[in-house]
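Numbering-wise (our numbering), the sequence shown opens with residue 43 and increments by one.
Beta carbons: idealized from backbone N, C-alpha and C, even for Gly.
To start, the structure itself, in structure tokens.
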Amino acid sequence: MPLKIFCRVLGLVLCSNALIVYFASHSIRTIVVTTLACSLLLQLAYFASVLFLIWRSSCASRAGQRAEHFGSCKEVGSEPPDLDEVTNESADLLQRDQMRAISLLLP
Numbered sequence: 043m044p045l046k047i048f049c050r051v052l053g054l055v056l057c058s059n060a061l062i063v064y065f066a067s068h069s070i071r072t073i074v075v076t077t078l079a080c081s082l083l084l085q086l087a088y089f090a091s092v093l094f095l096i097w098r099s100s101c102a103s104r105a106g107q108r109a110e111h112f113g114s115c116k117e118v119g120s121e122p123p124d125l126d127e128v129t130n131e132s133a134d135l136l137q138r139d140q141m142r143a144i145s146l147l148l149p
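This is the structure we're talking about:
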């Protein structure tokens with residue numbers, strides 16, 4: 043966001059805050075205090091959002107570095123299981139579960 047638009051939006055928020063407080067309290071002192079408090083809260087929110095964005099980008103870069111590290115490592119001595127063995131085991135488990143369900147239904 044360009045600085046010019048940011049300053050306009052900030053001024054609009056602070057002026058609308060001052061007008062709302064004036065119509066509610068009719069006190070100049072209250073207007074000044076609440077407008078300063080509003081500007082302080084806006085600055086704190088901006089600072090917190092910048093810190094959050096920095097934290098999020100550093101987490102993403104660390105995750106990318108970990109992925110590169112694990113991608114470059116090779117596992118020694120382990121091979122993936124055969125696909126036929128995996129499907130046979132899952133079919134056996136499914137059949138066993140079906141038999142248990144049927145046995146529960148029988149008196």
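Query                                                       : Result
DSSP state of S100 mapped onto helix, strand, coil          : helix
Three-state secondary structure assigned by DSSP to S58     : helix
Distance between W97 and L61 (C-alpha atoms, nearest Å)     : 37 Å
S81 in three-state terms, based on DSSP                     : helix
Cβ-based burial, V18 [other Cβ within 10 Å; buried from 16] : Past the boundaries of the shown model lies residue 18; the chain is included only from 43 to 149, so the question cannot be answered.
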